[in-house]
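Using UniProt numbering, count along the sequence shown one by one with no gaps and you end on 106.
Don't be surprised by glycine CBs; every beta carbon is placed ideally from N, CA and C.
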Amino acid sequence: MPFVGNTTRLLHESIQAGKNILFEGAQGALLDLDHGTFPFVTSSNASALGMASGCGVPAARVDKFIGVVKAYTTRVGAGPFPSEQDNETGRYIRDRGNEYGTTTGR
1 MPFVGNTTRL LHESIQAGKN ILFEGAQGAL LDLDHGTFPF VTSSNASALG
51 MASGCGVPAA RVDKFIGVVK AYTTRVGAGP FPSEQDNETG RYIRDRGNEY
101 GTTTGR
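Here it is, written out as structure tokens:
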């Protein structure tokens, strides 16, 4: 299979052939263009249904969504963090989960 091609056609042909397709998202809910904490958002929809607008597969053709989430919320970069625990509990969770930014170490 070539690395460059018409991915929309490939996806629709795969759906017609009854093949399974796996999509993976890379952003969190607070970064979603429509539902995030504007202006601290990304340029696309990060929700599960954002997959449909990003790849050209109608959401009605998706049989199953599987969501994977962390047990606690984190925030990378600037922007509001409504549930931030700036206390002993927050420090415990940060240390226990090793939740430190790779660039800033925060």
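With the cut-off set at 8 angstroms, would you say residue i and residue j are in Cβ contact?
| i | j | result |
| --- | --- | --- |
| N20 | L33 | no |
| A29 | S47 | yes |
| R61 | I93 | no |
Terminal residues of the continuous alpha helix (DSSP H) containing residue i?
| i | result |
| --- | --- |
| I21 | Segment: none, I21 is in no alpha helix (DSSP H) and carries neither H nor E. |
| E13 | T7 to Q16 |
| E88 | E88 to G97 |
| A52 | G50 to C55 |
Taking residue i as the reference, give the member of the options with the closest Cα.
| i | options | result |
| --- | --- | --- |
| G77 | A17, L31 and H12 | L31 |
| Q27 | L10, E84, G50 and N6 | G50 |
Cα separation between residue i and residue j?
| i | j | result |
| --- | --- | --- |
| E13 | F40 | 37 angstroms |
| E24 | G101 | 22 angstroms |
| P80 | T73 | 12 angstroms |
| query | Does the region 52 to 65 come within contact of the region 92 to 100, defined as at least 3 CB pairs closer than 8 angstroms? | reply | no
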